[in-house]
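The structure appears right after this line, and notes come after that.
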Amino acid sequence: MLNLSVLLEDAARETPDRDAVVFGDMRLSYSFIDGVANQVANLLVSRGIGPGDKVAISSPNLPYFPMIYFGILKAGAVVVPLNVLLKPREIAYHLADSEAKALFCFQGTPELPLGEMGWAGFQETPGCEHFFLLPAGLDVTESPIEGAELFWAALGGQANTFETVVTEPTDTAVVLYTSGTTGQPKGAELSHNNLLNNAMVDDLLFERSLHDTFLVTLPLFHIFGQTCVMNVGLYRRATLVLMPRFEPKAAIALMVKEKVNQFAGVPTMWWALLTDDTSAEDVATIRENLRVAVSGGAALPLEVLKGIKNKFGVDILEGYGLSETSPVASFNRPDRPTKPGSIGLPIWGVEMKLIDDDWKTIEGEGPGEIAIRGANVMKGYFKRPEATAEVIKDGWFRTGDVARRDDEGYYYIIDRSKDMIIRGGFNVYPREIEEVLMTHPQVSLAAVMGVPHESHGEEIKAFVIRTPDATITEEELVEWGKEQFANYKYPRIVEFRDSFPMTASGKILKREMR
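Structure representation (structure tokens):
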């Protein structure tokens, strides 16, 4: 028997009165969070939802998320986390594709009316029979959406004790939908063992204190936030300081107020913290407390890594993984030298290698596509055996990421294979161009991609956010690039922007920029 809910249950038994979740003025103990999760489990069972049934949740980083997430697991059901930026049509697709029987949805705000969008998507999905609205305030007593069932009212009369349903290690715990950069999103089936094993191994990678405090800005509906922050945090009985929407000044204020010592973010978050005009007093407080800094989700520019070290006195440790690998596959381990720019070495229980298009192993430095095998690899894509067979063979999962490997076994991401630019027959990897562009003193952030070209097939274009008060022109940056790159590599086209479109998890949306 193995159920991922043991993460919360064990912490509630051992440290019942410790703050599990901090949100605004609310400080909620482990026993409270576990008690509400038990009520959620009882609610689901009372509605006929049980082992193997899918239950969706659409919520930003609010106390609702862990309560409902673990309540679903306790009932033996399967969690389907939904991106809060989905529109009604997309919500309906996810509910129908996952065969969800219920949806817990946050009410939202006038700017982002999650409840209304969720209700519209729910009504288009005949198989989904229960809609529970999560109110924006504790004083809400009537549902603002006609027909929707208010969460707290639904929990009324439900006991705060529950005997967790017996599940097997290989049973599906979470169906996590990939971002769908090509085609429709696919649901990666992650087992209880996938997720618990990854959280326990990840815990070994991070320095631990008697009581850790995590700042939670990564979306919990994303696997990076779920495993590396929420699940690892609960495993070590930490306090999770929730932040629904990342904003650098607010993040810094929380880091100072709560004496945060653990922070994991995507590169754009680290870049925002680096470029924020933080006061000297706040910088000193953060330098005193922050011990573990982690980056993942995308490649971290070296200039950002160096800048954070200079500003906050902490080394950012880079890791690598995907939704399909629960997510962590490799990391810069504390017992081995850290190599800037590297995604490190495979974690315990995981193998990595480089392969070609025909699955043949590439020896030496490479480059090649990363393939992964281990306890972290998903069961497959839900209801998609053909798609699963395309990416999993003999236990190996092919990632679509191109990397090289040094003689000590450290891996270095070059790029996504589908992002590779072919200019005049030459392969150009945007990651390399972006790294060099960001060494220019007037370049703050860069995103490089290929655009159609009549004779070369593709031309190299750089989107650039300049530093404050920068004066460099597009022509000057192109000329500078000529001095830095081989003739076929430098960007011929430069476009300056004030900001980049990003996913809810902070990744730059190159497909939108195209």
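Residue numbers (the UniProt record's numbering): 1 to 514.
The beta-carbon is built from N, C-alpha and C at its ideal position, and this holds for glycine as well.
Using the Cα positions of residue i and residue j, report the straight-line distance between them to the nearest angstrom.
{"i": "L350", "j": "D202", "result": "Checking the displayed sequence, the identity of residue 350 turns out to be Val instead of Leu. The alpha-carbon atoms of V350 and D202 are separated by roughly 12 Å."}
{"i": "G156", "j": "V40", "result": "10 Å"}
{"i": "T170", "j": "G380", "result": "12 Å"}
{"i": "V266", "j": "E479", "result": "31 Å"}
{"i": "Q484", "j": "Y490", "result": "8 Å"}
{"i": "A446", "j": "L509", "result": "12 Å"}
{"i": "P346", "j": "L210", "result": "27 Å"}
{"i": "F65", "j": "K393", "result": "35 Å"}
{"i": "M352", "j": "G147", "result": "50 Å"}
{"i": "L7", "j": "P60", "result": "21 Å"}
{"i": "K74", "j": "I33", "result": "13 Å"}
{"i": "Q442", "j": "P113", "result": "39 Å"}
{"i": "P110", "j": "P244", "result": "16 Å"}
{"i": "C128", "j": "N197", "result": "31 Å"}
{"i": "R373", "j": "P385", "result": "18 Å"}
{"i": "R234", "j": "F70", "result": "Going by the sequence as given, residue 234 is Leu instead of Arg. Taking the straight line from one Cα to the other gives about 11 Å."}
{"i": "G121", "j": "I472", "result": "47 Å"}
{"i": "G180", "j": "H94", "result": "Bear in mind that the predicted position of G180 carries a pLDDT of just 48, short of 50, making it too unreliable to give a figure here."}
{"i": "T182", "j": "Q158", "result": "Because T182 sits at a pLDDT of 47, beneath the cut-off of 50, its placement in the model cannot be relied upon, and the following sentence gives the value as read from the coordinates. Using only the alpha carbons, I get a separation of about 43 Å."}
{"i": "F106", "j": "A504", "result": "16 Å"}
{"i": "N160", "j": "W348", "result": "37 Å"}
{"i": "G229", "j": "V216", "result": "For clarity, residue 229 is Val in the given sequence; the question names Gly instead. V229 and V216: Cα-Cα distance of roughly 7 Å."}
{"i": "I460", "j": "P452", "result": "9 Å"}
{"i": "A199", "j": "T227", "result": "6 Å"}
{"i": "G118", "j": "G400", "result": "32 Å"}
{"i": "D10", "j": "D19", "result": "14 Å"}
{"i": "D469", "j": "F426", "result": "36 Å"}
{"i": "E288", "j": "H456", "result": "53 Å"}
{"i": "A272", "j": "Y320", "result": "21 Å"}
{"i": "V140", "j": "F151", "result": "10 Å"}
{"i": "R398", "j": "A154", "result": "44 Å"}
Residue j and residue i - do their beta-carbons sit closer together than 8 Å?
{"i": "E308", "j": "W270", "result": "It is Ile, not Glu, that sits at residue 308 in the sequence shown. In this structure, W270 lies closer than 8 Å to I308 by Cβ."}
{"i": "F132", "j": "A173", "result": "no"}
{"i": "S31", "j": "D17", "result": "yes"}
{"i": "F206", "j": "A238", "result": "no"}
{"i": "F104", "j": "L138", "result": "no"}
{"i": "L354", "j": "G366", "result": "yes"}
{"i": "Y429", "j": "M438", "result": "no"}
{"i": "G341", "j": "L290", "result": "no"}
{"i": "L82", "j": "S58", "result": "yes"}
{"i": "A96", "j": "M67", "result": "no"}
{"i": "A92", "j": "E124", "result": "yes"}
{"i": "Q262", "j": "D335", "result": "no"}
{"i": "V494", "j": "E512", "result": "no"}
{"i": "A387", "j": "K186", "result": "yes"}
{"i": "I414", "j": "E432", "result": "yes"}
{"i": "V283", "j": "K259", "result": "no"}
{"i": "L322", "j": "N193", "result": "no"}
{"i": "G506", "j": "T268", "result": "yes"}
{"i": "A188", "j": "M26", "result": "no"}
So residue i and residue j are supposed to be a Cβ contact under 8 Å. How far apart are they, rounded?
{"i": "S98", "j": "V80", "result": "5 Å"}
{"i": "L242", "j": "V55", "result": "Going by Cβ atoms, the distance from L242 to V55 rounds to 21 Å, so no, they are not a contact pair."}
{"i": "L218", "j": "A264", "result": "6 Å"}
{"i": "V256", "j": "T285", "result": "5 Å"}
{"i": "A329", "j": "N376", "result": "6 Å"}
{"i": "L190", "j": "N231", "result": "Not really, about 11 Å apart at Cβ, beyond 8 Å."}
{"i": "E458", "j": "R423", "result": "5 Å"}
{"i": "T325", "j": "N332", "result": "Between N332 and T325 the Cβ distance is about 17 Å, and since that is not below 8 Å, they are no contact."}
{"i": "P63", "j": "L28", "result": "6 Å"}
{"i": "L176", "j": "I223", "result": "6 Å"}
{"i": "I370", "j": "Y411", "result": "7 Å"}
Under 8 Å, Cβ to Cβ, is there at least one residue of chain D near residue i?
{"i": "F151", "result": "The chain inventory of the structure shown lacks chain D, comprising one protein chain alone."}
At 4 residues or longer, what runs of the alpha helix (DSSP H) sit wholly inside the stretch 356-411? Here the runs fully enclosed are 385-391.
Using 8 Å as the threshold, is the stretch 285-298 in touch with the stretch 165-178, meaning 3 or more CB pairs across them? With a cut-off of 8 Å on Cβ pairs, the stretch 285-298 is not in contact with the stretch 165-178, counting fewer than three such pairs.
Extract the residue ranges of the beta strand (DSSP E) inside the stretch 191-222, only unbroken runs of 3 or more that lie entirely within it. List check, beta strand (DSSP E) in window: 213-216.
Check whether the stretch 278-288 and the stretch 238-256 touch, using three or more Cβ-Cβ pairs below 8 Å as the test. With a cut-off of 8 Å, the stretch 238-256 and the stretch 278-288 count as touching, because enough Cβ pairs lie within range.
Report the start-end ranges of each beta strand (DSSP E) in the stretch 136-185 that is 3 residues or longer and not cut off at the edges. 172-177, all fully within the stretch 136-185.
Which full runs of the beta strand (DSSP E) of 3+ residues lie inside the stretch 46-130, going along the chain? Entirely contained in the stretch 46-130, the beta strand (DSSP E) runs reaching 3 residues are, in chain order, 54-58, 78-81 and 100-106.
Flag this pair as touching only if the stretch 496-505 and the stretch 462-474 have three or more C-beta atom pairs under 8 Å; answer yes or no. Look at the beta carbons and you see the stretch 496-505 touching the stretch 462-474: at least three pairs across the two are nearer than 8 Å.
Tell me the start and end of each unbroken alpha helix (DSSP H) in the stretch 257-329 that is at least 4 residues and wholly inside, in chain order. Scanning the stretch 257-329 from its first residue to its last, the whole alpha helix (DSSP H) runs of 4-plus residues come out as 267-275, 280-289 and 302-312.
Would you list, in sequence order, the uninterrupted alpha helix (DSSP H) runs of no fewer than 4 residues that lie entirely inside the stretch 414-474? Fully enclosed alpha helix (DSSP H) runs of 4 or longer: 430-437.
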